[in-house]
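Student: Starting off with a structure, shown below.
Residue numbers (my numbering): 968 to 1229.
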């Protein structure tokens, strides 16, 4: 029933936009058609509803039905599609296998946002991220390389702590499908005020050949205080002939926190 069990007697005029979407999909799911067009159906509802939608899409596809899904989160439907089409301002710019198209989609998103660092000597102000001034004045993240081939990946986070609280900056590296690949936890917490540099290095040949993006998770007194998504990105190109088969790996990288002079 897609979540309608408790709302069967509720007048439709009181439905939220999410409930309207549930109702529409419940009706479509019981229609025997050859082609189904679903527009942003995965953008509403809770996780349970989205799981039911994906299960229904899988069943439709297994019966030989054609399902066309319009979405701004293509990684959600990666496993359910044979082909993906990318439209930009009404123009078809890519129509290919899901992996290739999702990589193209993410690449376009970063070109439009300007958040990806493309040069080794970028002005630090270009990567400045404003944080709540009550506990951090800024974070400046730079990386050793943008195009990396079988090398050690290294980057730094410069930040200033203004209050004596337990501060921890966790780094999440995601691949081009927006899947978490590596979680980096610092070896120590910051408990004093001052300026610091958190240096992180990843061993060579740890990553698969992909585009990768970096998220920052700020913790204060062991509670999440802020999340900054896709601050910068880099492309890793493996220089050995045998590609690794493990895609999702979780490792603690080597992390060092250095106190900087005032």
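No residue lacks a Cβ here, since even glycine has one placed at the ideal position from N, Cα and C.
Going by the DSSP bridge assignment, what does residue 928 pair with across the sheet?
Tutor: Outside the modelled stretch of the chain, which goes from 968 to 1229, sits residue 928, for which no answer is possible.
Student: Quick one: grab the DSSP three-state call for residue 1194.
Tutor: Locating residue 1194 in the chain shown gives position 227, where the first residue counts as 1. The answer is strand: DSSP assigns residue 1194 an E or B state.
Student: Determine the closest residue to residue 1166 out of 1069, 1136, 973, with distance taken between C-alpha atoms.
Tutor: Here residue 1166 refers to the residue found at position 199 of the chain shown. It is 1136.
Student: Can you confirm whether the stretch 1169-1188 touches the stretch 1135-1152 when touching is taken to mean that 3 or more C-beta pairs between the two stretches lie within less than 8 Å?
Tutor: Counting Cβ pairs under 8 Å, three or more are found: they touch.
Student: Please return the same chain residues whose Cβ sits closer than 7 Å to the Cβ of residue 1147, not counting the five positions on each side in sequence.
Tutor: Taking the first residue of the chain shown as position 1, residue 1147 is located at position 180. Cβ within range, chain order: 1139, 1141.
Student: Along the chain, where does the beta strand (DSSP E) containing residue 1139 start, and where does it finish?
Tutor: Within the chain shown, numbered from 1, the residue matching residue 1139 stands at position 172. 1134-1142 is the span of the beta strand (DSSP E), which, as asked, contains residue 1139.
Student: My parser needs the beta strand (DSSP E) runs of 3 or more residues fully inside the stretch 977-1016; what are they?
Tutor: As far as the stretch 977-1016 is concerned, its whole beta strand (DSSP E) runs of at least 3 residues are 1002-1006.
Student: Between which residues of its own chain and residue 1049 is the CB-CB distance below 6 Å, once the five residues before and five after are set aside?
Tutor: Along the chain shown, read from residue 1 onward, the residue named residue 1049 stands at position 82. Taken in chain order, the list of residues that qualify is empty.
Student: With a threshold of 8 Å, are at least 3 pairs of Cβ atoms found where one atom belongs to the stretch 1064-1072 and the other to the stretch 1032-1052?
Tutor: Yes, they touch.
Student: Ignore the nearest five residues each way along the sequence and tell me which others in residue 1192's own chain have a CB closer than 6 Å to its CB.
Tutor: Here the question's residue 1192 lines up with position 225 in the chain shown. Here the set comprises 1185.
Student: Compute the Euclidean distance between the alpha carbons of residue 1020 and residue 991, then round it to the nearest angstrom.
Tutor: The count along the chain shown starts at 1 and reaches residue 1020 at position 53. The count along the chain shown starts at 1 and reaches residue 991 at position 24. Each residue's alpha carbon lies about 12 Å from the other.
Student: What is the DSSP secondary structure of residue 1048, counted as helix, strand or coil?
Tutor: One-based indexing of the chain shown puts residue 1048 at position 81. Of the three classes helix, strand and coil, the one that applies to residue 1048 here is coil, per DSSP.
Student: Per DSSP, what kind of secondary structure is residue 1200 in: helix, strand or coil?
Tutor: Within the chain shown, the letter at position 233 stands for residue 1200. Correct three-state label for residue 1200: strand.
Student: Between 1156, 1001, 1040, 994, which has its C-alpha nearest residue 1033's C-alpha?
Tutor: Looking up residue 1033 in the chain shown gives position 66. Of the candidates 1156, 1001, 1040, 994, the one whose C-alpha sits nearest the C-alpha of residue 1033 is 1001.
Student: Tell me, to the nearest whole angstrom, how far the beta carbon of residue 1059 is from that of residue 1070; I am working on the premise that it is less than 8 Å.
Tutor: Start at 1 with the first residue of the chain shown, and residue 1059 comes out as number 92. Start at 1 with the first residue of the chain shown, and residue 1070 comes out as number 103. Going by Cβ atoms, the distance from residue 1059 to residue 1070 rounds to 17 Å, so no, they are not a contact pair.
Student: With which residues is residue 1063 paired in a DSSP beta bridge?
Tutor: Along the chain shown, one-based indexing puts residue 1063 at 96. Residue 1063 is bridged to 1051.
Student: Spell out the partners DSSP gives residue 1181 in its beta bridges.
Tutor: On the chain shown, residue 1181 is found 214 positions in, with the first residue counted as 1. Its beta-bridge partners are 1140.
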